[in-house]
Amino acid sequence: DAKTTQPPSMDCAEGRAANLPCNHSTISGNEYVYWYRQIHSQGPQYIIHGLKNNETNEMASLIITEDRKSSTLILPHATLRDTAVYYCIVSGGDYKLSFGAGTTVTVRA
Amino acid sequence: ETGVTQTPRHLVMGMTNKKSLKCEQHLGHNAMYWYKQSAKKPLELMFVYNFKEQTENNSVPSRFSPECPNSSHLFLHLHTLQPEDSALYLCASSQEPGNYGYTFGSGTRLTVV
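Heads up: the protein sequence lines correspond to chains R and Y, in order.
Basically this note's numbering = 1-based index in the first sequence + 4.
Basically this note's numbering = 1-based index in the second sequence + 2.
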């Protein structure tokens, strides 16, 4: 049973911010939200993760709602190289990452 | 280069062959994982190793046999595979169980003919 729901695809314009939504309404108190991306034919790449506070690193920002039932990954200035499948994963404590279908993001010039 | 190296990058094998996939990391990580990614399907966790000990076998058929001689190396031995086993096989590592900063290799693209 899926723990997260993501739109199957989205387009964004190069240079603009890309906001990727994820619903995880059944998240439990000790579960983190993780984001990975997979560029075609490569292994997934870790982007960011958070528990309940918003997080930012050099790649992206993660905004988690106060009730933790949804989150948004923000790529502040999308480039063509950000075209990839983005996975939102909820997990905690059992060191198992379960990947869903993700969102295919296409950045257009 | 992510720090996790997988060889070979591509492999074509017959159903009666025996081959091995290799994964190597020198990141100081203690947990290593094998994932399978079939065409148009999500990644599937196959095996988990923690400090060289297998801690997870996700109902993987016995024609896939993992080996972890030390924390830096992980192998996947293959024998009598089926065409439906053709997939991208990905290795990952993390510093410790529960640490989700997984580092993935680039994978081995396996074709079974």
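Heads up, the beta-carbon is just placed ideally off N, CA and C, and yes, glycines get one too.
Listed in chain order, the non-local C-beta contacts of L55(R) below 6 Å within the same chain comprise Y36, local neighbours out to five positions each way being set aside. In the DSSP annotation of this structure, the continuous segment of the beta strand (DSSP E) that includes V37(R) starts and ends at 36-42. For R85(R), the three-state secondary structure derived from DSSP is helix.
As the crow flies, the alpha-carbon of A105(R) is around 7 Å from that of K43(Y). DSSP, reduced to helix, strand and coil, places P85(Y) within a helical segment of the structure shown.
Secondary structure at T113(Y): strand, using DSSP grouped into helix, strand and coil.
Apart from the 5 residues on each side of it in sequence, Y38(R) sits with its Cβ closer than 6 Å to the Cβ of H53, I93 in its chain, given in chain order. Chain R places a beta carbon closer than 9 Å to that of S108(Y), counting this residue as a contact. An exposed status is given to T69(R), since fewer than 16 other beta-carbon atoms sit within 10 Å of its beta-carbon. For Q27(Y), the enclosing beta strand (DSSP E) starts and ends at 20-27. For G30(Y), the nearest beta carbon of chain R is not closer than 9 Å to its own beta carbon.
With 16 or more other Cβ atoms inside 10 Å of its own Cβ, M34(Y) counts as buried. Taken through DSSP and simplified to helix, strand or coil, A22(R) comes out as strand.
Our two residues, T83(R) and I51(R), have alpha carbons roughly 15 Å apart in a direct line. Under the Cβ criterion of 9 Å, A41(Y) is not counted among the residues facing chain R. Below the 7 Å Cβ cutoff, chain R contributes Y50, L101 as neighbours of Y104(Y), in chain order.
By the C-beta criterion, the region 43-60 of chain Y is judged not to be in contact with the region 58-76 of chain R, since fewer than 3 inter-stretch pairs fall below 8 Å. At a cut-off of 4 residues, not a single continuous stretch assigned as alpha helix (DSSP H) sits fully inside the region 46-84 of chain R. For A33(Y), the enclosing beta strand (DSSP E) covers residues 33-39. Beta-bridge partners assigned by DSSP to C93(Y): W36(Y). The C-alpha of V14(Y) is placed about 12 Å away from the C-alpha of L90(Y).
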